[in-house]
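Below you'll find the structure, written out as structure tokens, and then a few comments.
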Amino acid sequence: MPSVAPPRVRLKAPACLQARSRPRHQPAMLRALAVRLVQTTRSRQSLRATSADGLAAASRPNEPEHKSLQTTNKPAPLSVLPLTNVMRSYFVTSISSSKILLPPSLALTTWIANSNNALLNPDRNPILHYILKKTFYAQFCAGETAAEARKTIAGLKNIGFSGVILGYAKEAVLQDGETESLSVKGADEATKQEIASWTEGTLETVRIAAPGDFVALKFTGAGREALYHLSERKPPAPALAEAVDNICDLALSRNVRLLFDAEQASLQKGIDDWTLAYMRKYNAGKPALVYGTYQAYLKSTPSTLSGHLREARDGGFSLGIKLVRGAYIGSDPRQLIHDTKANTDMAYDGIAEAVLRQKWQAPLVLTEKGSKEAFPNVSLVVASHNAVSVRKAKAIVASGEAKIDVAFGQLQGMADEVSCTLIPTEAITKEVAAAAPECTRVRPYKYLVWGSTGECMKYLLRRAHENRDAVQRTKDGRDAMRAELWRRTKSVFGLA
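For the sequence shown, position 446 (counting from the first letter as 1) is numbered 446 according to the UniProt record's numbering, and the numbering increases by one without interruption.
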């Protein structure tokens with residue numbers, strides 16, 4: 001990471017201190033306070049970039065360098081974030097965690113996103129566009145163009161994230177009843193256009209992503225024909241199959257991995273069929289390119305995953321696993337979901353541990369061979385905002401017990417108090433972290449989407465309604481951001 005010159009100090013510290021004893025200079029004191037807050041943040045970022053030489057000189061030649069990852073004086077995890085990010089996150093999470101503010105906010109955003117009025121269209125009203133882009137859009141999204149998205153991604157990597165999970169915001173959204181006559185319509189011009197639009201957007205997303213990044217895609221984003229074939233558990237239509245092949249081929253050539261998202265239970269078996277078919281084709285004899293998504297809140301997931309693990313082992317391909325708790329608790333049949341949150345937590349942590357250790361153990365379904373049964377090659381994305389689950393998985397990776405390719409992922413703009421604990425601290429440079437054994441490296445990623453402000457607002461609304469319970473559980477993030485702002489304020493006066 002290139003060195004960054006320290007920021008220029010325009011106000012001297014003595015002047016700030018003198019202002020504290022002279023009330024008539026109160027505005028000067030406030031200006032100095034603001035400058036000090038910004039300088040404190042920038043100085044921490046500069047320290048991350050310039051501390052490599054000092055650490056390298058201090059390392060002991062006879063001691064494994066990865067032991068340097070243990071530090072007794074750890075800075076606050078959120079100290080790596082720019083001040084503007086912390087302030088914006090506090091503002092957004094204060095709304096999303098409020099039972100009073102969230103419903104009207106969602107209603108207002110829904111009205112704006114679906115209005116035909118030019119004044120309420122963020123892509124046509126420059127004032128509304130500016131307000132939304134500087135607040136909610138900036139909190140969760142990468143950019144409206146490829147250049148903006150790459151700049152955002154570079155900023156995340158500069159903070160210390162290993163990469164991103166990038167999605168395309170524009171999706172074909174079907175109204176009720178639109179799929180009823182698909183069996184007779186076939187691939188008409190409308191369905192062809194839906195597939196073409198989804199394909200081009202996804203291909204461009206793969207082009208934006210850098211080697212080592214992930215691209216997330218939803219099959220139903222390709223429109224009505226995809227939805228019909230999934231619901232009937234039929235193979236993808238020729239046009240869609242060709243489109244997915246083109247996406248996989250481009251991703252393979254760019255070393256970008258693909259995450260096929262889970263969807264409602266009524267479609268999931270069809271999605272699993274398609275995902276396994278592409279795994280057999282693109283994950284054969286090599287690290288996983290294609291990943292499926294497994295939702296731990298479903299009672300059937302341990303059995304489903306166990307079956308897929310055996311198919312991968314017997315078929316000679318790697319199984320890509322993105323492990324989530326679940327996103328459709330509001331729409332999936334209740335009897336399919338674990339009875340309690342504790343049961344879901346146990347399922348998630350148990351599956352993560354079994355996959356990380358590559359051992360047949362509960363909650364996976366064992367055969368008469370028990371734990372001695374051969375385990376396939378796997379790659380894992382631990383996608384969770386749960387601090388306990390992340391801490392458990394991180395401990396297994398840091399101990400060297402995980403012999404697989406593993407990444408950690410959280411949504412951009414959410415759970416930063418979890419994500420930032422996965423970033424090497426200021427006392428651990430990238431050079432030292434890179435010298436650690438491959439299997440002990442913790443790789444954090446942020447999931448975000450790109451597209452026009454209007455399309456991204458619609459995308460975020462769909463996800464917010466699907467994950468309404470998760471959106472409301474952002475109280476921890478709000479409290480963490482408030483504590484970080486207070487910590488930085490105290491540090492200005494030497495009280496931190």
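For each residue, glycine too, the CB sits at the ideal point set by N, CA and C.
Asked: Going by the DSSP bridge assignment, what does residue 446 pair with across the sheet?; Found: 164, 410
Asked: Looking only at C-alpha atoms, which of 98, 77, 83 sits nearest to residue 489?; Found: 83
Asked: Do residue 267 and residue 231 have their C-beta atoms within less than 9 angstroms of each other?; Found: yes
Asked: Within the chosen definition, does the region 382–393 reach the region 348–362 through at least 3 CB pairs nearer than 8 angstroms?; Found: yes
Asked: Might you give, ordered along the chain, the residues of its own chain that have their beta carbon closer than 8 angstroms to the beta carbon of residue 477, omitting 5 neighbours on each side?; Found: 89, 93, 97, 414, 415, 416, 417
Asked: Just checking, does the region 226–241 make contact with the region 357–372 on the three C-beta pairs under 8 angstroms criterion?; Found: no
Asked: Let me confirm a value: residue 444 is counted as buried when at least 16 other C-beta atoms fall within 10 Å, else exposed. Which label applies?; Found: buried
Asked: Is the region 317–327 touching the region 291–299, taking contact as three or more C-beta pairs under 8 angstroms?; Found: yes
Asked: Okay, do the region 115–134 and the region 453–462 touch, 3+ Cβ pairs below 8 angstroms being the bar?; Found: yes
Asked: Apart from the five residues on each side of it in sequence, which residues of its chain come closer than 6 angstroms, Cβ to Cβ, to residue 197?; Found: none
Asked: Classify residue 302: buried if its beta carbon has 16 or more other beta carbons within 10 angstroms, exposed otherwise.; Found: buried
Asked: What residues match up with residue 381 in a beta bridge as DSSP calls it?; Found: 322, 407
Asked: Does the distance from the CB of residue 328 to the CB of residue 264 come in under 9 angstroms?; Found: yes
Asked: Within the same chain, show all residues whose beta-carbon is closer than 6 angstroms to that of residue 408, passing over the 5 residues directly before and after it, in chain order.; Found: 382, 422, 444
Asked: For residue 189, is the classification buried or exposed, using 16 other Cβ atoms within 10 angstroms of its Cβ as the cut-off for buried?; Found: exposed
Asked: Relative to the alpha-carbon of residue 259, which residue among 487, 138, 248 has its alpha-carbon at the smallest distance?; Found: 248
Asked: Less than 6 angstroms between C-beta atoms, sequence neighbours within five positions excluded: which residues of the same chain meet that for residue 495?; Found: none
Asked: Residue 200: buried (16+ other C-beta within 10 angstroms of its C-beta) or exposed?; Found: exposed
Asked: Could you tell me the alpha carbon to alpha carbon distance between residue 243 and residue 195, rounded to whole angstroms?; Found: 8 angstroms
Asked: So, with DSSP's three-state summary, where would you put residue 215?; Found: strand
Asked: If you drop the 5 nearest sequence neighbours on each side, which residues of the same chain put their C-beta closer than 7 angstroms to that of residue 483?; Found: none
Asked: Which whole-angstrom value describes the C-beta separation of residue 95 and residue 146, a residue pair presumed to lie in contact below a C-beta threshold of 8 angstroms?; Found: Residue 95 to residue 146, Cβ: 30 angstroms. No contact.
Asked: Please identify the residue among 129, 306, 222, 257 whose C-alpha is closest to the C-alpha of residue 144.; Found: 129
Asked: Determine the direct distance from the alpha carbon of residue 374 to that of residue 107, and round the result to whole angstroms.; Found: 52 angstroms
Asked: Would DSSP call residue 483 helix, strand or coil?; Found: helix
Asked: Contact check, residue 308 vs residue 276 under 8 angstroms by CB: the rounded distance?; Found: 7 angstroms
Asked: Please identify the residue among 159, 311, 135 whose C-alpha is closest to the C-alpha of residue 273.; Found: 311
Asked: Which of the three DSSP states is assigned to residue 290 in this structure?; Found: strand
Asked: So, residue 156 versus residue 403, is the Cβ gap smaller than 9 angstroms?; Found: no
Asked: Spatial neighbours of residue 279 within its chain, please: C-beta separation below 8 angstroms, excluding the five flanking residues on both sides.; Found: 288, 290, 292, 312, 317, 318, 319, 320
Asked: Rounding to the nearest angstrom, what Cα-Cα distance links residue 116 and residue 133 in this structure?; Found: 19 angstroms
Asked: Please work out which residues of its chain come closer than 6 angstroms, Cβ to Cβ, to residue 393, disregarding the five sequence neighbours upstream and downstream, and give them in chain order.; Found: 352, 382
Asked: List the residues that DSSP assigns as beta-bridge partners of residue 141.; Found: 449
Asked: To the nearest angstrom, how far is it from the Cα of residue 240 to the Cα of residue 221?; Found: 11 angstroms
Asked: Specify the secondary structure class of residue 193 as computed by DSSP and reduced to three states.; Found: helix
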